[in-house]
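Engineer: Numbering (our numbering), first residue to last: 45 to 529.
Here a beta-carbon is modelled for each residue, glycine too, at the ideal position from N, C-alpha and C.
Being a predicted model, the structure only gives us computed values, none of them experimental.
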Ligand code: NAP
């Protein structure tokens, strides 16, 4: 990479591509998109496990300016979403900006030149004026620290690193974890394996999934002017209404709780299994899942739900906390992701040689989830406290992209070289944010989750309605930033 791009985007998922599209549209052509892998797609490239699909309806989980009346179904599967992203790259002419196989390992701010130095895994470095991180939050697989994990002799893999060369037919398979990924792949493999042992630590709350294929007629209708937009808006407001429970009053979650319990009762007639699958914490405390085939899969004769906790993994078996040993051939981890490690593992050095790990020693935070004091012209898409449990993150990405463009325009207007959020603006913003989060279901709902850091502080979720975030990030407040000439 010899060029010296004005703007460097890291990652080619929805965030990176969304940023690139809007940069081009605004007349910025001097940018590159660095992608560590050899293909685009982010989450939708990494996760290929059986049944992988989005649990937000596709008409909404897509760019607002690139509606797709041709979605095959309400909740599209991984390959179709990745195809949509490829089509966006094609349509918006992003291919010349994409650089595959370029892994960023560090960013260093040059105080004298007021530039960022980008360090690549191959040892190469180059200078750039601004950096936009689109690396997302959920892509470093988390493997549980269970004694003996390394000693397992058979094939074992994480859901985000699914080993398609392993044929599960007729095998005894164990799954550890029952989160958003597991509820999608468990039904797909349950009928294929001889025995499936699902190790559940905490039962998720699960709603039915209003999924269906779009008929040719429905697609034709969605192709009519305004139709796809109307459907998108209807879905947006239906999902946004779910935020009432955690933004206004948790008691409003009562209806959701009842619906989930009814779904469980309808699908699991066996009272013993039903009791095991009934959560004992408030709905919404963890991500609420949707599935029509997970409970029926667990009710199969060849499937067993083990709730006694995993004590040890041996060469060919798993031992639960009661000492019972279960022999298995294959072990699948549906144990989620390390949330903050992705950014913390990088070497990011800002103004005056300050490392981001030092800036974040009390916890990961940013201003509007996007800029961090002491790190000028560095923008985090899907940064701290921009995640959602109830609506489409693509909506949040679009809000942030517009905010970043606002910052770049502010730079052009003022002829400044860089902007750095003022520490007091960042402090006040996060104090208000944490104050709101403290009284919410994620902290008070009686569960543990990856939403909270090791101190129990929520560093991942946006606490309110998404339109509120959209309104607050419409344009940057000039007073919140120091403009560096
Ligand atoms: P996850 O929701 O974090 O679930 C991890 C599961 O592993 C939980 O059941 C957890 O139990 C269990 N677990 C973790 N460590 C364990 C241990 N040491 N022993 C036993 N069990 C353990 O992970 P995920 O299912 O991969 O999903 C991660 C996130 O990705 C989701 O929350 C969602 O945001 C996203 N996702 C989205 C979609 C989508 O369609 N949009 C699909 C898949 C994933 P505990 O609950 O007890 O911690």
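So, at 8 Å on beta carbons, what are the nonlocal neighbours of residue 149 in its own chain, with the 5 sequence-adjacent residues on each side left out?
Structural biologist: If you number the chain shown from 1, residue 149 lands on position 105. So the qualifying residues of the chain are 163, 164, 165, 390 and 391.
Engineer: Could you check the C-alpha separation between residue 227 and residue 332 for me, to the nearest Å?
Structural biologist: Sequence index remark: in the chain shown, residue 227 carries index 183 (1-based). Sequence index remark: in the chain shown, residue 332 carries index 288 (1-based). CA-to-CA, the gap between residue 227 and residue 332 works out to about 11 Å.
Engineer: Residue 281: buried (16+ other C-beta within 10 angstroms of its C-beta) or exposed?
Structural biologist: Position 237 of the chain shown, counting from 1, holds the residue named residue 281. Classification of residue 281: exposed, given that the 10 Å Cβ count is below 16.
Engineer: Would you say residue 287 and residue 508 are within 8 Å of each other, going by their C-beta atoms?
Structural biologist: Taking the chain shown and counting its residues from 1, the one referred to as residue 287 is at position 243. Taking the chain shown and counting its residues from 1, the one referred to as residue 508 is at position 464. Yes, these two residues count as a Cβ contact at 8 Å.
Engineer: Apart from the five residues just before and just after residue 344, which ones in its own chain have a Cβ nearer than 7 Å to its Cβ?
Structural biologist: Here residue 344 refers to the residue found at position 300 when the chain shown is read from its first residue. Contacts found: 234.
Engineer: With hydrogens ignored, establish whether the beta-carbon of residue 212 is closer than 7 Å to any heavy atom of the ligand NAP.
Structural biologist: Taking the chain shown and counting its residues from 1, one reaches residue 212 at position 168. No, the Cβ of residue 212 stays beyond 7 Å of every heavy atom of the ligand NAP.
Engineer: Give me the Cβ distance between residue 64 and residue 183, rounded to the nearest whole Å; I'm assuming they're in contact under 8 Å.
Structural biologist: The count along the chain shown starts at 1 and reaches residue 64 at position 20. The count along the chain shown starts at 1 and reaches residue 183 at position 139. Rounded, the Cβ-Cβ distance is 19 Å, inconsistent with contact.
Engineer: Tell me the rounded alpha-carbon separation between residue 231 and residue 475.
Structural biologist: Counting from one through the chain shown, the residue named residue 231 turns up at place 187. Counting from one through the chain shown, the residue named residue 475 turns up at place 431. Taking the straight line from one Cα to the other gives about 43 Å.
Engineer: Only counting the same chain, and skipping five residues up and downstream in sequence, which positions put a Cβ closer than 7 Å to that of residue 213?
Structural biologist: Here residue 213 is taken as the residue at index 169 of the chain shown, counted from 1. Result list for residue 213: 236, in chain order.
Engineer: Should residue 314 go down as buried or exposed, given a rule of 16 or more other Cβ atoms within 10 Å for buried?
Structural biologist: As a position in the chain shown, residue 314 is number 270, starting the count at 1. It is exposed - the Cβ of residue 314 has fewer than 16 other Cβ atoms within 10 Å.
Engineer: Starting from residue 208, trace the alpha helix (DSSP H) in both directions and tell me its first and last residue.
Structural biologist: Residue mapping note: residue 208 aligns to position 164 of the chain shown, counting from 1. Neither: residue 208 is in no alpha helix (DSSP H) and is coded neither H nor E.
Engineer: When you compare only the Cα positions, how much space is there between residue 124 and residue 398?
Structural biologist: Stepping through the chain shown from its first residue, residue 124 is reached at position 80. Stepping through the chain shown from its first residue, residue 398 is reached at position 354. Near 42 Å, if we compare the C-alpha coordinates of residue 398 and residue 124.
Engineer: Do residue 443 and residue 100 come within 8 Å of each other at the CB atom, strictly closer than that value?
Structural biologist: In the chain shown, residue 100 corresponds to position 56, counting from 1. In the chain shown, residue 443 corresponds to position 399, counting from 1. Not closer than 8 Å, so no.
Engineer: By DSSP's criteria, residue 102 is part of a beta bridge. Which residues make up the other side?
Structural biologist: In the chain shown, residue 102 corresponds to position 58, counting from 1. Partner(s): none; residue 102 has no beta bridge.
Engineer: Quick check on the DSSP output: what are the complete alpha helix (DSSP H) runs of length 4 or more inside the region 354 to 390, in order along the chain?
Structural biologist: 385 to 388
Engineer: Counting only the same chain and skipping the five closest in sequence on each side, list residues whose C-beta sits under 6 Å from that of residue 438.
Structural biologist: By 1-based counting over the chain shown, the position of residue 438 is 394. For residue 438, where only same-chain residues beyond five positions count, the Cβ hits under 6 Å are 58 and 105.
Engineer: By a C-beta neighbour count over all protein chains shown, 10 Å radius and 16 as the cutoff for buried, is residue 372 buried or exposed?
Structural biologist: In the chain shown, counting from the first residue as 1, residue 372 sits at position 328. Residue 372 comes out buried.
Engineer: Tell me the rounded alpha-carbon separation between residue 324 and residue 450.
Structural biologist: As a first step, residue 324 is located in the chain shown; it is residue number 280 there, counting from the start. As a first step, residue 450 is located in the chain shown; it is residue number 406 there, counting from the start. One C-alpha to the other measures close to 45 Å.
Engineer: Would you kindly work out how many angstroms separate the C-alpha atoms of residue 191 and residue 368, rounded to a whole number?
Structural biologist: The count along the chain shown starts at 1 and reaches residue 191 at position 147. The count along the chain shown starts at 1 and reaches residue 368 at position 324. One C-alpha to the other measures close to 15 Å.
Engineer: I'd like to know whether the C-beta atoms of residue 178 and residue 463 end up nearer to each other than 8 Å.
Structural biologist: Counting from 1 along the chain shown, the entry for residue 178 is found at position 134. Counting from 1 along the chain shown, the entry for residue 463 is found at position 419. No, the pair does not count as a contact, with Cβ atoms beyond the cut-off.
Engineer: Can you name, in chain order, every residue of its own chain whose Cβ lies under 7 Å from the Cβ of residue 19, other than the five neighbours on each side?
Structural biologist: Outside the displayed range of the chain (45 to 529) lies residue 19, so it cannot be described from this structure.
Engineer: Residue 379 and residue 220 - do their beta-carbons sit closer together than 8 Å?
Structural biologist: In the chain shown, counting from the first residue as 1, residue 220 sits at position 176. In the chain shown, counting from the first residue as 1, residue 379 sits at position 335. Yes, they are a contact pair.
Engineer: Based on the DSSP secondary-structure assignment, which residues constitute the bridge partners of residue 502?
Structural biologist: Position 458 of the chain shown, counted from the start, is the residue given in the question as residue 502. According to DSSP, residue 502 bridges with 496.
Engineer: Taking the C-alpha atoms as reference points, what is the distance between residue 172 and residue 376?
Structural biologist: Numbered from its first residue, the chain shown carries residue 172 at position 128. Numbered from its first residue, the chain shown carries residue 376 at position 332. Rounded to the nearest angstrom, the two C-alpha atoms are 41 Å apart.
Engineer: Which one of 93, 428 and 370 has the shortest CA to CA distance from residue 211?
Structural biologist: Within the chain shown, the letter at position 167 stands for residue 211. Looking at the Cα atoms, 93 is the closest of the given residues.
Engineer: Output the distance between the C-alpha atoms of residue 269 and residue 116, rounded to the nearest integer angstrom.
Structural biologist: What you label residue 269 is simply residue 225 of the chain shown in a count that begins at 1. What you label residue 116 is simply residue 72 of the chain shown in a count that begins at 1. Each residue's alpha carbon lies about 19 Å from the other.
Engineer: Give me the Cα-Cα distance between residue 52 and residue 189, rounded to the nearest whole angstrom.
Structural biologist: Translated into positions along the chain shown, residue 52 becomes position 8. Translated into positions along the chain shown, residue 189 becomes position 145. One C-alpha to the other measures close to 36 Å.
Engineer: Would you say residue 136 and residue 420 are within 8 Å of each other, going by their C-beta atoms?
Structural biologist: Counting from one through the chain shown, the residue named residue 136 turns up at place 92. Counting from one through the chain shown, the residue named residue 420 turns up at place 376. The answer is no: Cβ separation not under 8 Å.
Engineer: Within a Cβ cutoff of 6 Å, which residues of the same chain sit near residue 193, ignoring the five residues on either side of it in sequence?
Structural biologist: As a working mapping, residue 193 is identified with position 149 in the chain shown. Answer for residue 193: 357, listed in chain order.
Engineer: Tell me whether residue 379 counts as near the ligand NAP, meaning its Cβ is closer than 7 Å to at least one heavy atom of that ligand.
Structural biologist: As a first step, residue 379 must be located in the chain shown, where it is residue number 335. Residue 379: yes, Cβ under 7 Å from the ligand NAP.
Engineer: Helix, strand or coil: how does DSSP classify residue 150 here?
Structural biologist: Within the chain shown, numbered from 1, the residue matching residue 150 stands at position 106. In this structure, DSSP gives residue 150 an extended state, which the three-state scheme calls strand.
Engineer: Could you spell out the range, first to last residue, of the alpha helix (DSSP H) harbouring residue 456?
Structural biologist: Here residue 456 refers to the residue found at position 412 of the chain shown. 437 to 458 is the span of the alpha helix (DSSP H), which, as asked, contains residue 456.
Engineer: Under 6 Å Cβ to Cβ from residue 351, same chain only, skipping five residues before and after it: list those, please.
Structural biologist: In the chain shown, residue 351 corresponds to position 307, counting from 1. Setting aside the 5 residues that flank it on each side, residue 351 is surrounded in the same chain by 244 and 320, each with a C-beta closer than 6 Å to its C-beta; the list follows chain order.
Engineer: Compute the minimum distance between the beta carbon of residue 301 and the heavy atoms of the ligand NAP, and state whether it is under 7 Å.
Structural biologist: Translated into positions along the chain shown, residue 301 becomes position 257. No - the ligand NAP has no heavy atom lying nearer than 7 Å to the Cβ of residue 301.
Engineer: Check this for me: beta carbons of residue 84 and residue 130, under 8 Å apart or not?
Structural biologist: Residue numbering aside, residue 84 sits at position 40 when the chain shown is read from its first letter. Residue numbering aside, residue 130 sits at position 86 when the chain shown is read from its first letter. Going by C-beta atoms, residue 84 is nearer than 8 Å to residue 130.
Engineer: Quick one: grab the DSSP three-state call for residue 251.
Structural biologist: Position 207 of the chain shown, counting from 1, holds the residue named residue 251. Reduced to three states, the DSSP call for residue 251 is strand.
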